[in-house]
Amino acid sequence: MKTVIIAEKPDQAKKYGAALGSFSRKTSYLEGKTDVFPGEVYITWCIGHLVELAPMREYDEKYAKWNLEDLPFLPKQFKYQSKYSVKDQFNSMRKLLKGLTNNDQIVIATDPDREGEAIAYYVLNLLGIKDIPIKRLWANTQEPTELKNFFRKLKDGKETYRYYVEAEARGKSDYLVGMNLTRLITLLLQNKGVRTDGAFSVGRVQTPTLFMVYNREKEIENFKEKIYFDLVADGKKDSIKYQLKSDVRLDSNNEINEYINNNGLSDIPGEVKSITVTPKTTKAPKLFKLGGIQKVGNNKWGYSLDQTLSYVQSLYDKGFLSYPRTDSSLITTAEFEYLKNHLEDYKSLLNLIFDVKYTEPRKTYVDNDKVLEHYAIVPTKTIPSQQQYDDLSVQEKNIYDAVVKQTLAIFADDYHYEQTKVEIVVNDVIFKTSGNTPKIQGWKNLSNDTEEEKTTTLPSFEEGEQVELSIYGKEGRTKPPSYLTEATLGGEGGLMETCGKTIEDEELRESLSAGIGTPATRSAIVKNIIDKGYITVDKKKLRTTEKGRLLCSALEGSLISSAEMTGKWEEKLKFISDGKETQQNFIEGIEIFIQQLFKDIPAMVNENVKTSTLESVKQSEGKGLGICPKCNKGYIKHIKTNKYDFYACSEKCGFTINSVIASKKLSESNIKQLINKGKTTKIKGFKGKKGTFDTELMLDKDYKTVFNFNK
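Take the position in the sequence shown, starting the count at 1, then add 1; the result is the number in our numbering.
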């Protein structure tokens, strides 16, 4: 009997080999024996997706050219192909898998999620593998001892196959929407005179996400500040200043003064009407799901969603953290027990001091019934040695520390404080104030909060006491909405997760309770719209570019731009994995949707796209990203083809900047800084042999791009 284990990536395969027994490395697989499986055992691997949906030209050569007359493209059968860049690995897997019989078995051991399921089955289906027994490894950890236990209790492949059916439907729908609408909108805009270095990419989730940034900017642009005046009272007692506020808010200071005179509020003392002191407690925050740690990463250290995911993934691969792409903030009693048993180890590693209060599970954090596919992100039983911890990058340490603190907080005491509320009456007008007095810090000593809690100290009052007050109108101004950040867009509580709450349709709101996109894809979606030049990041703020605003103006009002559309699709996709909907019905619905958009969008583009917007984009593109610093004649343009991705001078003087340096994709803002200033600000997330690092880039005397470590 032969067993072929399919891992998602080489490092994962290596871990499986170490966990199972003694395995030797061949060119593109591992071979060995283990007491878990009888007979020969082979561990092969994908390198992410080895198989992809074939481009349109593979159906017909006419699609190599973009013509409106050939659209919409709605194939009756979808074609798949192996990716050219990983063809050798695909062929190696072919040799291993094609030699199996129905007496052998395949173990799918890709990441335990929908995408992992798709990565494996795309390969098996393209190779025509049938009638071979399939088992599924479903492990939330990469710890060697735990992995071996999970290999001993494999799921039957049929139990998780439904996730592949959903993922395949998601892939097909994204392909149809992207291929058709990208060509449609690009050709329509080109017909209006727009010329760009690339296409106007449109996507099922990507475009509604872009519109979230666009719509927030419009809210800010259209915001009109309003000045108002609140009726307040200032006092001082025992050298402590305090301020009380009434419910009176008027449009002008003259109105406030008139109100003060009419109600006899000048030069008379107030009387303390009531004093209420209430003991209160606050529980520790919930455990991290992916969006939660991404939110902390962005708010506290400025990490992008994609960077934080890469740091969590790296710590998962090292066996120090549990599975990263989770949307759950709960754990089971099993995790609770091992965490409790290792509390002192975690405390010692990070030099944390706090008293353990809760040693029994609480439903806020531990619920066996509600943990379905994956539990929250928590530290594993494998605790880094001091040397292993020291070898982590600064970013990995920050993320690991944050996860450990968030986890240990559930064992600490609650935060205890007293809330004092005071009401003072002046001629029947009530003024109020409140303050909190901390009593027991509890979990607050482990908090990852980036903002310090505001406390208000009040003097001691007695009911019936007379106090001197200065009553006046305090000017205030309404504030515009804040620009979105990656945290408020794609992190926990961000618009991608909670956009359904702004929709009136109750059924739709329920379908969007998990947001648009998935925890595994949101960071990639946000990164994608940045990389495609639709938005930029300026001091954490997300801003649309001219190209992004042009696309949004062209599609404004269409269903492809709305959260409602995405909500309906997400709901139906979930129904597929639940067995309530078929993939065929779903794809047929997508095709009808696309056909309708082909009727609607051309008129929308003609009506929505203004001449001023077109001219702005044309001027922006004509000047490129700036004047070439080497020859001072040409403009820097983005050159992107199937093989190349770099920036170069329009006069071909030889000046170039690679789009990706040390595995880091440079933003348009980074390129502009290099061109105009000769160096960038600190860029986070470069990858070297010793891990990730942060530094500046600069142009040397020969106008080559180099790291600036001597800043």
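Note that beta-carbon positions come from the ideal geometry of N, C-alpha and C, so glycine has one too.
In this structure, DSSP gives Val372 a state outside helix and strand, which the three-state scheme calls coil. Note that the region 195-210 touches the region 564-578; at least 3 beta-carbon pairs, one per stretch, sit closer than 8 Å.
Under the three-state reduction of DSSP, Met699 is assigned to strand. In this structure, DSSP gives Thr486 a state outside helix and strand, which the three-state scheme calls coil. A direct Cα-Cα distance of roughly 6 Å separates Arg326 from Pro520. Per the Cβ contact rule, the region 429-440 is not in contact with the region 294-305 (fewer than 3 Cβ pairs under 8 Å).
Rounded to the nearest whole angstrom, the C-alpha separation of Pro270 and Phe355 is 47 Å. By the beta-carbon neighbour count (other beta carbons within 10 angstroms, threshold 16), Ile241 is exposed. Annotation: the continuous alpha helix (DSSP H) that includes Cys553 extends over 547-556. In the three-state reduction of the DSSP assignment, Tyr347 falls in the helix class, which pools H, G and I. Unbroken alpha helix (DSSP H) stretches of 4 residues or longer found wholly inside the region 100-142: 115-127, given in chain order. When the alpha-carbon of Asn399 is set against those of Asp414, Asn449, Lys364, the nearest one is in Asn449. A straight line joining the alpha-carbon of Asp429 with that of Pro481 spans about 35 Å. Between Ala8 and the set Gly293, Lys16, Trp46, the nearest pair of CA atoms involves Trp46. In this structure, DSSP gives Arg478 an extended state, which the three-state scheme calls strand. Leu69 is not a Cβ neighbour of Leu598, given a cutoff of 8 Å. Taking C-alpha positions only, Glu592 is separated from Glu338 by approximately 50 Å. Under the three-state reduction of DSSP output, Arg250 falls in the strand class. Put simply, the backbone Cα of Phe432 is about 34 Å away from that of Trp444.
In the DSSP assignment, Gln396 falls within the unbroken alpha helix (DSSP H) covering 395-409.
When secondary structure is reduced to three states using DSSP, Tyr43 falls in the strand class. For Asn216, the closest of Pro11, Tyr484, Arg478 by C-alpha to C-alpha distance is Tyr484. Residue pairing by DSSP places Gly18 opposite no residue, since no beta bridge is assigned to it. In the structure shown, Cys629 adopts coil according to DSSP, grouped into three states. Between the alpha carbons of Asp539 and Lys691 lies a gap of roughly 29 Å.
For Ile221, the closest alpha carbon among the candidates Lys665, Thr545, Ile676 is that of Thr545. At the C-beta level, Ala119 and Glu169 come within 8 Å of one another. Where Pro439 is concerned, the enclosing beta strand (DSSP E) starts and stops at 430-441. Ala8 carries a strand assignment under DSSP once its states are collapsed to helix, strand and coil. Taking every protein chain shown into account, the CB of Leu373 has fewer than 16 other CB atoms within 10 angstroms, so this residue is exposed.
The region 264-332 contains, as complete alpha helix (DSSP H) runs of 4+ residues, the segments 291-302, 306-318 (chain order). Its chain contains Ile577 as the residues whose beta carbon lies nearer than 8 Å to that of Thr583, once the 5 sequence neighbours on both sides are disregarded; these appear in chain order. Around the Cβ of Glu487, a 10 Å sphere holds 16 or more other Cβ atoms; the residue is buried.
With contacts defined as CB atoms closer than 8 Å, Ile257 and Gly494 fail to qualify as a contacting pair. Membership of Ala525 in the alpha helix (DSSP H) is indicated by the continuous run 523-532.
In this structure, DSSP gives Val195 a state outside helix and strand, which the three-state scheme calls coil.
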